[in-house]
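Keeping their order, the protein sequence lines are chains A and B.
First residue of the first sequence: 2, per my numbering; consecutive thereafter.
First residue of the second sequence: 525, per my numbering; consecutive thereafter.
Where is the CB? At the ideal position from N, CA and C, for every residue including glycine.
Computed from a prediction, not measured in an experiment: that's the story for all the values here.
What follows is a set of notes on a single structure, which appears directly below.
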Amino acid sequence: MSDALQSLSWDRILVLLVLAAWVGADTTAFLQIMISQPLVAAWLGGLAAGDGPAGLAVGILLQGIWARSLPMGGASIPWTGPAALVAGVLACGRGEHDLTGSLLQVPDAVTLAVVIGVALLLGEVGRRLIRRLGHRRHHWVLAAEAAAERGDPAGIVRINRLGIVQTAIASIGLAAAGLVLGRVLLVLLDPIPPLDGRWPAMLLLGLGIGQTASLVPRRRLGWIWLATVILAVTALRVVP
Amino acid sequence: MSRERNHSGAPLGRVIWGGLSLQAAYTPERRQGLGVASALAPVAARGADPEARRRFLMRHVESYNTNPVLAGPLLGALVRLEEEALDGDPEAEARAIRLKRTMEAPLAATGDALFWNGIRPAAAAVGAAAAWTVGAWGPLLFLMLYNTPHLALRVGGVYWGYRRAEGIAVLLRADWVRAVRVTAPWMLLAGLAVLGVLAFAPASGPEIPGILALALGYVLGRRGVPRGTVLALGAIIIGLIAATVLRSPSG
């Protein structure tokens with residue numbers, strides 16, 4: 002079984018660090034062009050580690066899993082950016098099973114379980130980390146008020162920029178911890194014979210599509226449209 | 525006072541840049557307050573009177589929370605009103621405070637529905653469906669579909685808000701906003717239907733477990749419990765069991 006993590010060169014590691022900082026900051030702190038969404042972040046992780054399609058397959062699965070994690074009203078959500086980036090890197094070079102009708106490949110079942118499990122864990126740890134960082138910024142508020150009292154706009158800008166730096170550093174730390182944890186788990190579980198990864202992949206994808214479809218307002222009868230299209234195409238293909 | 529003038533020279537570009545990090549120093553007590561004050565700092569820096577500058581910064585460092593995408597037009601409008609206040613308009617300061625307070629909740633509600641619950645999941649569904657067949661073009665398509673309206677509002681919206689000032693309220697009733705809110709669920713369904721067909725209705729026969737998981741995901745998602753993380757862990761465990769039990773003799 003090839004392991005992209007073992008053969009990561011220093012320049013790729015540097016690219017990964019920059020990406021970890023960027024996808025971490027993109028979630029809320031800076032830009033928010035949505036490279037932190039799992040579909041993009043996992044693909045970028047795979048690409049940086051040398052296997053974009055493997056990262057993309059994992060990204061599609063994670064996008065569905067976190068479909069209902071919406072920051073409505075400033076709600077606390079999993080930190081998807083660094084978590085998906087790590088998942089993309091861990092899946093790199095391990096694609097063994099074709100996803101039906103797709104050019105993409107997923108790893109064997111145990112590896113996929115580790116990749117998705119580590120991503121879910123990082124997402125939840127990241128959620129708490131972001132919340133804790135926010136709660137520990139009281140002294141920033143005092144410093145910003147002091148700057149305002151002095152009539153010093155540059156002082157407030159500096160404090161705000163500090164937020165971007167802090168978030169980026171936290172994201173790099175989280176991603177590094179996730180890569181180490183994932184690597185250790187993959188080495189420990191390596192002796193287990195490979196199992197077909199399509200089973201968990203199909204179940205995760207189905208759950209993801211169903212969860213995403215549940216976002217459609219009830220009055221639009223989204224489930225009827227979705228079910229009709231899938232059943233109609235299935236029937237057309239099954240009936241000779 | 526002419527509505528076309530850009531009184532501040534060129535601070536709008538710097539306000540846009542600052543607006544891109546509106547939530548960088550987010551705190552539970554001030555929320556986006558530090559971000560708003562930071563974004564408007566280039567305008568405050570133009571004030572020659574230290575007392576006016578102090579009042580300017582103090583009123584914007586207060587607690588504030590709205591949708592970061594729709595904050596673009598609001599920032600533009602605030603730049604306009606704050607410039608008028610710095611120019612000596614005695615009422616502009618009160619107008620800026622009133623605009624901020626009256627637009628906070630409506631912009632948050634409209635922006636959240638439009639972007640977090642509308643354009644983003646729809647663009648992601650289309651991107652994922654595209655990725656299934658054309659690989660890397662999928663995430664790129666997602667980024668393009670999302671960022672066209674996102675950056676238009678976040679960058680162009682500041683210029684638009686600057687020209688409109690208090691008139692930015694028309695944004696909430698704009699035809700295009702209503703059109704996007706109607707179209708986004710259909711785009712979402714189209715993306716999901718294509719992805720569902722590609723994944724679960726291949727020529728080799730339907731993938732029944734996947735279709736059942738889809739139905740379960742829909743029902744549980746509709747009920748709001750449990751969270752995606754818990755569902756995914758369940759799917760992995762069942763998938764591992766299925767892969768072990770149904771393993772072919774050759775391994």
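Residue i: which of the options sits nearest, CA to CA?
{"i": "Gly-1 (chain A)", "options": "A:Gly-74, A:Trp-224 and A:Ser-8", "result": "Because chain A here runs from 2 to 241, residue 1 (chain A) falls outside it and cannot be looked at."}
{"i": "Gly-752 (chain B)", "options": "A:Arg-220, A:Leu-206, A:Leu-237 and A:Ala-177", "result": "A:Leu-206"}
{"i": "Leu-536 (chain B)", "options": "B:Val-769, B:Gly-681 and B:Pro-614", "result": "B:Gly-681"}
{"i": "Thr-626 (chain B)", "options": "B:Val-593, B:Gly-571 and B:Ile-692", "result": "B:Ile-692"}
{"i": "Gln-547 (chain B)", "options": "A:Val-19, A:Leu-32, A:Pro-83 and A:Ile-14", "result": "A:Leu-32"}
{"i": "Pro-664 (chain B)", "options": "A:Leu-208, A:Gly-53, A:Arg-13 and A:Thr-28", "result": "Strictly speaking, residue 664 (chain B) in this sequence is Leu, with Pro absent from that position. Ranking A:Leu-208, A:Gly-53, A:Arg-13 and A:Thr-28 by Cα distance to Leu-664 (chain B) puts A:Gly-53 first."}
{"i": "Ile-154 (chain A)", "options": "B:Glu-553, B:Arg-555 and B:Ala-576", "result": "A small fix is needed here, since residue 154 (chain A) is Pro in this sequence, not Ile. Per the Cα distances, B:Ala-576."}
{"i": "His-674 (chain B)", "options": "B:Gly-659, B:Ala-655, B:Ile-643 and B:Ala-653", "result": "B:Ile-643"}
{"i": "Phe-639 (chain B)", "options": "B:Arg-746, B:Asp-613, B:Leu-677 and B:Glu-608", "result": "B:Leu-677"}
{"i": "Ser-103 (chain A)", "options": "B:Gly-720, B:Arg-746 and B:Pro-630", "result": "B:Gly-720"}
{"i": "Asn-641 (chain B)", "options": "B:Val-743, B:Ala-767, B:Gly-543 and B:Pro-709", "result": "B:Pro-709"}
{"i": "Val-230 (chain A)", "options": "B:His-584, B:Leu-722 and B:Val-567", "result": "B:Leu-722"}
{"i": "Val-158 (chain A)", "options": "B:Gln-556, B:Ala-549 and B:Ser-562", "result": "B:Ser-562"}
{"i": "Met-582 (chain B)", "options": "B:Ala-595, B:Leu-594, B:Arg-604 and B:Gly-559", "result": "B:Gly-559"}
Just to confirm before moving on: does the CB-CB distance between residue i and residue j stay below 9 Å?
{"i": "Leu-564 (chain B)", "j": "Ile-66 (chain A)", "result": "no"}
{"i": "Leu-113 (chain A)", "j": "Val-41 (chain A)", "result": "no"}
{"i": "Ala-110 (chain A)", "j": "Pro-39 (chain A)", "result": "no"}
{"i": "Leu-45 (chain A)", "j": "Pro-645 (chain B)", "result": "no"}
{"i": "Pro-597 (chain B)", "j": "Arg-688 (chain B)", "result": "yes"}
{"i": "Ala-648 (chain B)", "j": "Gly-715 (chain B)", "result": "yes"}
{"i": "Gly-179 (chain A)", "j": "Ala-84 (chain A)", "result": "yes"}
{"i": "Gly-763 (chain B)", "j": "Pro-201 (chain A)", "result": "yes"}
{"i": "Glu-586 (chain B)", "j": "Arg-554 (chain B)", "result": "yes"}
{"i": "Ala-92 (chain A)", "j": "Gly-209 (chain A)", "result": "no"}
{"i": "Leu-62 (chain A)", "j": "Val-107 (chain A)", "result": "yes"}
{"i": "Thr-28 (chain A)", "j": "Thr-168 (chain A)", "result": "yes"}
{"i": "Gly-275 (chain A)", "j": "Thr-551 (chain B)", "result": "Outside the shown range of chain A (2 to 241) lies residue 275 (chain A), about which nothing can therefore be said."}
{"i": "Gly-745 (chain B)", "j": "Leu-121 (chain A)", "result": "no"}
{"i": "Leu-105 (chain A)", "j": "Trp-656 (chain B)", "result": "yes"}
{"i": "Leu-17 (chain A)", "j": "Ala-49 (chain A)", "result": "yes"}
Let's test the definition: count the other Cβ atoms within 10 Å of the Cβ of residue i and tell me whether it reaches 16, buried, or not, exposed.
{"i": "Glu-731 (chain B)", "result": "buried"}
{"i": "Gly-775 (chain B)", "result": "Bear in mind that the predicted position of Gly-775 (chain B) carries a pLDDT of just 40, short of 50, making it unreliable; the figure below should be weighed with that in mind. Gly-775 (chain B) should be labelled exposed."}
{"i": "Ser-545 (chain B)", "result": "buried"}
{"i": "Ser-37 (chain A)", "result": "buried"}
{"i": "Leu-770 (chain B)", "result": "exposed"}
{"i": "Trp-700 (chain B)", "result": "exposed"}
{"i": "Ser-77 (chain A)", "result": "exposed"}
{"i": "Trp-541 (chain B)", "result": "exposed"}
{"i": "Gly-74 (chain A)", "result": "exposed"}
{"i": "Leu-669 (chain B)", "result": "buried"}
{"i": "Val-116 (chain A)", "result": "buried"}
{"i": "Glu-528 (chain B)", "result": "Note on Glu-528 (chain B): pLDDT 47, under 50, position unreliable in the model; the coordinate value appears next. Exposed."}
{"i": "Met-2 (chain A)", "result": "Here Met-2 (chain A) scores only 43 on pLDDT, less than 50, and its place in the model should not be relied on; the value that follows carries that caveat. When all chains shown are included, Met-2 (chain A) counts as exposed."}
Since residue i is in the alpha helix (DSSP H), which residue starts that stretch and which ends it?
{"i": "Trp-541 (chain B)", "result": "535 to 543"}
{"i": "Met-627 (chain B)", "result": "616 to 635"}
{"i": "Gly-763 (chain B)", "result": "752 to 769"}
{"i": "Val-24 (chain A)", "result": "11 to 28"}
{"i": "Thr-551 (chain B)", "result": "Segment: none, Thr-551 (chain B) is in no alpha helix (DSSP H) and carries neither H nor E."}
{"i": "Phe-666 (chain B)", "result": "661 to 675"}
{"i": "Val-239 (chain A)", "result": "223 to 239"}
{"i": "Val-776 (chain B)", "result": "Residue 776 (chain B) lies beyond the residue range present for chain B, which begins at 525 and ends at 775; the question has no answer from this structure."}
**Study point:** Minimum length 4: unbroken alpha helix (DSSP H) runs contained in the stretch 55 to 123 of chain A
**Key:** Listed in chain order, they are 81 to 92.
Check your understanding: Enumerated in chain order, which unbroken segments of the beta strand (DSSP E) with a length of 3 residues or greater are wholly contained in the stretch 146 to 173 of chain A?
Key -> Whole beta strand (DSSP E) segments, 3+ residues: zero.
Point to revise | alpha helix (DSSP H) runs wholly inside the stretch 174 to 217 of chain A, at least 4 long, in chain order | key: Listed in chain order, they are 199 to 214.
Review point. Can you list, in chain order, the stretches of the alpha helix (DSSP H) that have 4 or more residues and sit fully within the stretch 584 to 614 of chain B?
Key: The stretch 584 to 614 of chain B contains these whole alpha helix (DSSP H) runs: 595 to 610.
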